[in-house]
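One structure is given here, and the rest of the page talks about it.
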Amino acid sequence: MITRLKGCPVNRALPVVRLRVPTDEDAVAWHRVFGHPEVMEFHGGRPAELSVYEELTARQRRHDAERGFCLWTLLDEDDRVMGFTGAQPWPAEWGPRGEIEIGWRLGREFWGKGYVTAAARTTLERVRAAGVPSVVAMVDARNARSIAVTRRLGMRLADTFTSPESRREGHCYRLDLGTTD
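In the numbering used here, the protein residues as written are 3 to 183.
Below is the structure:
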């Protein structure tokens, strides 16, 4: 099946991706694939410690058990860990508190191949099926790649903010999933 990406002049087949609930081993894989400085440019600028990913994968397993969705490990057609995509409650005390945020992070070697768009579309289907009425995506205003993904997903810019941690401008994109309670 050929899927047309919004804003792209040609049709492009999206790659095959698989999402799974993160395992303990995925913490090590995420630590490895996110070790590139370009991957972390909008996430503090340097790789996080392994313990951060150990806690994050454990929290995602809890989210999946409690809500039916989480930040899933993103696998390619050869079952290589590429990163994550999924949704979780917005974790900060500022911003869209109480809302569900969709997000993604991909290892550098996998950029530009449509993996995030394919995985994010699957994520939207899953959170819609879980009864989530809308999602947000919080994106650094300089992150053109992630902004392009939000557009491909049909999200709209709803708000701008200044991150208390980085003091950088960010954007809050929203998407109504058309579900009812």
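Quick reminder that beta carbons are idealized off the backbone N, C-alpha and C, glycines included.
Since Val54 is in the alpha helix (DSSP H), which residue starts that stretch and which ends it? Along the sequence shown, one-based indexing puts residue 54 at 52. Here the alpha helix (DSSP H) through Val54 covers Leu52 to Arg69.
Is it right to say Pro39 is buried, meaning 16 or more other beta carbons lie within 10 angstroms of its own, or is it exposed? Along the sequence shown, read from residue 1 onward, the residue named residue 39 stands at position 37. So Pro39 counts as exposed.
Simplified DSSP state of Glu95, which is helix, strand or coil: The count along the sequence shown starts at 1 and reaches residue 95 at position 93. In this structure, Glu95 counts as coil in the three-state DSSP scheme.
Is the beta carbon of Gly172 less than 8 Å from the beta carbon of Asp142? In the sequence shown, residue 172 corresponds to position 170, counting from 1. In the sequence shown, residue 142 corresponds to position 140, counting from 1. Yes, Cβ-Cβ distance for Gly172 and Asp142 is below 8 Å.
Selected residue, minimal CA-CA separation from Cys174, among Ser168, Lys115 and Ile104: Here residue 174 refers to the residue found at position 172 of the sequence shown. Comparing Cα-Cα distances from Cys174 to each of Ser168, Lys115 and Ile104, the minimum goes to Ile104.
Quick check on Val188: buried or exposed, where buried means 16 or more other Cβ atoms within 10 Å of its Cβ? Not covered by the structure: residue 188. The range shown for the chain is 3 to 183.
Leaving out five residues before and five after Asn145 in sequence, what residues of the same chain have Cβ atoms less than 6 Å from its Cβ? Residue mapping note: residue 145 aligns to position 143 of the sequence shown, counting from 1. Phe44, listed in sequence order.
For Ala139: DSSP bridge partner residues: In the sequence shown, residue 139 corresponds to position 137, counting from 1. In the DSSP output, where bridge partners are listed per residue, Ala139 has Tyr175.
Following a CB-centred definition, is Pro91 positioned closer than 7 Å to any heavy atom of the ligand SAH? What this structure holds is no ligand at all, so the ligand SAH is not there to describe.
Helix, strand or coil for Glu103? Go by DSSP, reduced to three states. In the sequence shown, the residue the question calls residue 103 occupies position 101. Three-state DSSP puts Glu103 in a strand.
Can you round the beta-carbon distance between Arg176 and Arg147 to whole angstroms, since I take them to be within the 8 Å contact cut? Position 174 of the sequence shown, counting from 1, holds the residue named residue 176. Position 145 of the sequence shown, counting from 1, holds the residue named residue 147. That belief does not hold up - the Cβ atoms of Arg176 and Arg147 are roughly 19 Å apart, past 8 Å.
From Glu101 to Val129, what distance separates their C-alpha atoms? One-based indexing of the sequence shown puts residue 101 at position 99. One-based indexing of the sequence shown puts residue 129 at position 127. Answer to the nearest angstrom: the Cα atoms are 12 Å apart.
State the beta-bridge partners of His109 as determined by DSSP. Against the sequence shown, residue 109 aligns to sequence position 107. Just to set this straight, residue 109 is Gly in the shown sequence, not His. The partner list for Gly109 (beta bridge, DSSP) is empty, contrary to what the question assumes.
Out of Ala139, Val118, Leu58 and Leu179, state which residue places its alpha-carbon closest to the alpha-carbon of Gly30. Residue numbering aside, residue 30 sits at position 28 when the sequence shown is read from its first letter. According to the sequence as given, residue 30 is Val; it is not Gly. Ranking the options by Cα distance to Val30, first place goes to Leu58.
Per-residue burial, Leu73 [other beta carbons within 10 Å of its own, 16 or more giving buried]: As a working note, residue 73 is residue 71 in the sequence shown. Classification of Leu73: buried, given that the 10 Å Cβ count is 16 or more.
Can you look up Ala120 in the DSSP assignment and give me helix, strand or coil? Within the sequence shown, residue 120 is the residue found at index 118, counting from 1. Note: Ala120 maps to helix in three-state DSSP.
Three-way DSSP call (helix, strand, coil) for Ala160 in this model: In the sequence shown, the residue the question calls residue 160 occupies position 158. Secondary structure of Ala160 (DSSP, three-state): strand.
Find the nearest neighbour of Val54 within the set Leu126, Arg34, Pro98 and Asp78, judged by alpha-carbon distance. On the sequence shown, residue 54 is found 52 positions in, with the first residue counted as 1. Of the candidates Leu126, Arg34, Pro98 and Asp78, Arg34 places its Cα closest to the Cα of Val54.
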